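Our numbering numbers the first residue of the sequence shown as 1 and each following residue consecutively.
Notes follow once the structure below has been shown.
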Amino acid sequence: IVFNLILTVNYKSDNLTNIYYEIKREKMIFNNPIIRGYHPDPSICRANGKYYLVTSSFQYFPGVTLFESQDLINWNQIGYCLTRKSQLELDAVPSSCGIFAPTIRYHKGRFYMTTTNIGAPNGNNFYVWTDDIYGEWSEPIYVEQGGIDPSLFFENERAYFMSNGVDGNGKSAILQCEIDISSGKQLTKSKPIWNGTGGRYLESPHLYKINGYYYVMAAEGGTEYGHMVTYARSNSLWGPFEPYPDNPVLTNRNLGGYQIQGVGHADLVDDENGNWWLFHLGFRQMSQWMPFHHLGRETFLMPVDFKDGWFTVGQDGTTAAVVDTDRISDNVKQDIKKEFTFQNTSWDMEWRFLRTVDKDNYVLGKNELSIKSSLDTLDKCGSPSFVGMHQKEFDMDLSVNVTANDGEAGITMYMDENHHYDLAVCKDSDGYNVLLKLNIGDIKHIQTCIKLKSNEIKLRVRACPEYYEFFFIEDGIENQLGRAQTRYLSSEVAGGFTGVVMGLYSQGGLGKTFNKFTDFICRYK
Ligand code: 6LW
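See below:
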């Protein structure tokens with residue numbers, strides 16, 4: 001426990017009259033983002049004394065990242081909701097399509113997760129359920145109501161489903177219907193319940209009942225610098241809804257130069273003591289006057305206050321990087337993991353694949369990884385041989401030993417098929433080379449190519465907010481191959497909804513022999 005010692009000196013002219021001090025308990029302090037690396041569109045529920053949170057996964061497999069927490073501050077990934085091809089078809093899905101914003105809810109001992117698979121043959125809204133949060137989830141149950149960002153609300157044995165859409169006049173609206181939760185069948189027509197406050201891209205609806213009022217909360221303004229959270233309340237879940245007079249209730253759009261931007265798309269949860277919290281997405285721009293972000297949209301937490309049937313978020317409706325609160329025990333310490341290795345991660349948790357995994361191309365060992373090339377390369381919108389982890393911080397030092405036997409094997413800092421930097425060992429007719437390849441849109445450039453003495457080498461990437469620097473280590477000597485600006489992998493340049501994923505990959509060659517990776521280590525400052 002840390003205490004603040006406050007020393008107050010009262011004096012009249014030069015005569016000390018009083019010296020007194022008080023001891024105050026220091027507040028718990030936590031840092032945002034609370035879940036780092038690309039993890040947007042958080043949704044949360046409370047069950048059995050714990051909290052469960054899901055985030056979007058797009059073209060990556062498995063789908064819908066699932067986290068657990070005891071204290072709202074420290075989150076452990078416990079799995080994914082969509083782990084089978086029958087639940088998640090990603091074959092033809094473009095980058096940043098696939099799994100959009102999920103919602104997780106707990107009702108009568110059962111967890112439900114609803115989402116949309118954009119670009120898939122059966123791209124409708126659907127939900128899956130489980131009675132065991134650590135186990136497998138059901139097959140998808142489809143709902144006819146279209147739009148994105150589906151959500152569920154349960155009351156008196158009834159289930160309601162909402163998503164974004166348009167009303168009879170073509171105006172953006174939150175649409176709602178009652179469904180049969182066992183079959184997904186609509187029991188009522190889809191009805192517009194709220195039109196938002198006029199911001200573009202009305203999305204991310206959630207419905208709550210709190211102290212007698214129904215609240216519909218949404219995001220508006222688009223998921224860039226103008227993003228915001230708005231809400232309205234009603235005595236009926238069908239409306240009419242009366243907007244909160246001070247909407248938006250949360251936005252950082254007027255905090256020019258502040259690192260955290262684009263805050264919106266939120267979900268509310270109450271803790272055991274009856275305090276409310278808002279989990280939402282936002283992003284960290286690379287530095288004060290550099291409006292680029294390449295780590296993707298991440299998950300943030302802010303406290304909520306209710307007064308006279310309305311709620312506010314934070315102190316002034318903005319999200320801060322450092323939050324102090326007396327609502328969380330000061331025994332809780334925020335533990336931000338700084339080092340990731342093959343040993344302290346698990347292939348079915350932190351590591352993820354692009355679209356459809358051909359298991360024959362991977363040997364996921366305890367301390368080593370072997371991959372052989374698939375037909376797809378990193379430059380295609382397909383399923384290359386690739387396994388990656390989200391980049392979580394700007395400052396990073398990543399290294400891995402590579403033994404290349406066939407084609408090209410290395411590390412890629414990967415945003416999408418058109419925006420990635422690759423550092424690799426490559427076999428050609430007279431031996432092995434180390435390559436640095438920069439892919440920025442239509443510009444595909446081999447920056448450096450150096451002949452190696454053997455096919456075994458250590459590759460290293462160091463990152464700061466503005467640059468990646470690329471190295472290889474041969475005979476114990478570190479050589480720099482070049483560097484590249486992070487901004488060209490940012491959402492502002494590449495577009496899309498994901499962030500940089502650090503991938504280990506293999507491509508080209510005959511695709512018959514495995515390339516080996518050992519001693520992976522990624523350290524954040
Ligand atoms: C998501 C939408 C959004 O469905 O981005 O920021 C979309 N909000 O609500 C993809 O993450």
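All C-beta atoms in this analysis are idealised placements derived from N, C-alpha and C, irrespective of residue type, glycine included.
Nothing here was measured: the structure is a model prediction, and the numbers come from that model.
Could you check if residue 85 is buried or exposed, using at least 16 other CB atoms within 10 Å of its CB as the buried criterion? exposed
When you compare the CB positions of residue 500 and residue 294, do they come within less than 9 Å of one another, or not? yes
Would you mind sorting residue 149 into buried or exposed? The rule is 16 or more other CB atoms within 10 Å of its CB. Buried, since its Cβ has 16 or more Cβ neighbours within 10 Å.
Quick one: Cα of residue 420 to Cα of residue 515, how far? Looking at the two C-alpha atoms, the distance is approximately 20 Å.
Assuming residue 98 and residue 391 make a contact with CB atoms under 8 Å, what is their CB distance in whole Å? About 19 Å; that fails the 8 Å criterion.
Uninterrupted beta strand (DSSP E) stretches inside the region 188-253 (no shorter than 3 residues): 191-194, 203-210, 213-220 and 228-234
Pick helix, strand or coil for residue 284, following the three-state DSSP scheme. strand
Neighbour-count burial assignment, residue 424, 16 or more Cβ in a 10 Å radius: buried
In chain order, what residues of the same chain have a beta carbon less than 7 Å from the beta carbon of residue 224, not counting five sequence neighbours either side? 262
Within a Cβ cutoff of 8 Å, which residues of the same chain sit near residue 512, ignoring the five residues on either side of it in sequence? The beta carbon of residue 512 sits closer than 8 Å to those of 372 and 406, all from its chain and outside the five residues before and after it, given in chain order.
Any contact between the region 211-226 and the region 245-258? By contact I mean 3 or more CB pairs, one from each, below 8 Å. A contact exists between the region 211-226 and the region 245-258.
Is residue 294 a contact residue of the ligand 6LW, with contact defined as CB to any heavy atom under 8 Å? no
Spatially closest choice to residue 132 from 401, 81, 321 and 353, by CA coordinates: Checked all of 401, 81, 321 and 353; the closest Cα to residue 132 is 81.
So does residue 203 have its beta carbon nearer than 8 Å to some heavy atom of the ligand 6LW? Shortest gap from the CB of residue 203 to any heavy atom of the ligand 6LW: under 8 Å.
Do residue 379 and residue 339 have their CB atoms nearer than 9 Å? no
With 16 other CB atoms within 10 Å as the buried threshold, where does residue 467 fall? exposed
Is any non-hydrogen atom of the ligand ATP found closer than 8 Å to the C-beta of residue 384, if you look at the structure I gave you? As for the ligand ATP, it is missing from this structure, which binds only the ligand 6LW.
Cβ contact check for the region 267-287 and the region 474-483: 3 or more pairs under 8 Å: no
Could you pull the start and end residues of the beta strand (DSSP E) that residue 484 belongs to? First-last of the beta strand (DSSP E) with residue 484: 477-485.
Touching or not, the region 86-97 and the region 112-126, by the rule of three or more beta carbon pairs under 8 Å? yes
Residue range of the alpha helix (DSSP H) that includes residue 93: No alpha helix (DSSP H) holds residue 93; DSSP gives it neither H nor E.
For residue 446, count neighbouring C-beta atoms within 10 Å of its own C-beta (all shown protein chains included) and say buried if the count is 16 or more, exposed if not. exposed
Go ahead and pull the three-state DSSP assignment for residue 268. strand
Excluding five sequence neighbours on each side, which residues of the same chain lie with their C-beta closer than 6 Å to the C-beta of residue 114? 103, 127, 150 and 152
Give the straight-line distance between the Cα atoms of residue 17 and residue 306, rounded to the nearest whole angstrom. Unreliable positioning characterises residue 17 in this predicted model, as indicated by a pLDDT of 43, which lies under 50. A coordinate reading is not provided.
When you compare the region 454-466 with the region 382-399, are there three or more beta-carbon pairs, one atom per stretch, that lie closer than 8 Å? yes
Can you give me the C-alpha to C-alpha distance between residue 169 and residue 365, rounded to a whole angstrom? Going by the C-alpha atoms only, they are around 57 Å apart.
Heavy atom of the ligand 6LW less than 8 Å from the Cβ of residue 207, yes or no? Checking every heavy atom of the ligand 6LW against the Cβ of residue 207, none is found closer than 8 Å.
Do residue 458 and residue 402 come within 9 Å of each other at the CB atom, strictly closer than that value? yes
How long is the line joining the alpha carbons of residue 241 and residue 296, rounded to whole angstroms? 33 Å
Can you give the Cα-Cα distance for residue 577 and residue 491, rounded to whole angstroms? Because the chain here runs from 1 to 525, residue 577 falls outside it and cannot be looked at.
Count the other C-beta atoms from every protein chain shown that fall within 10 angstroms of the C-beta of residue 142, then say buried if there are 16 or more, exposed otherwise. exposed
Sub-9 Å separation of residue 387 and residue 505 beta-carbons: yes
Could you check if residue 188 is buried or exposed, using at least 16 other CB atoms within 10 Å of its CB as the buried criterion? exposed
Okay, do the region 33-50 and the region 64-80 touch, 3+ Cβ pairs below 8 Å being the bar? yes
May I ask you to check if the CB of residue 149 is nearer than 8 Å to at least one heavy atom of the ligand 6LW? yes
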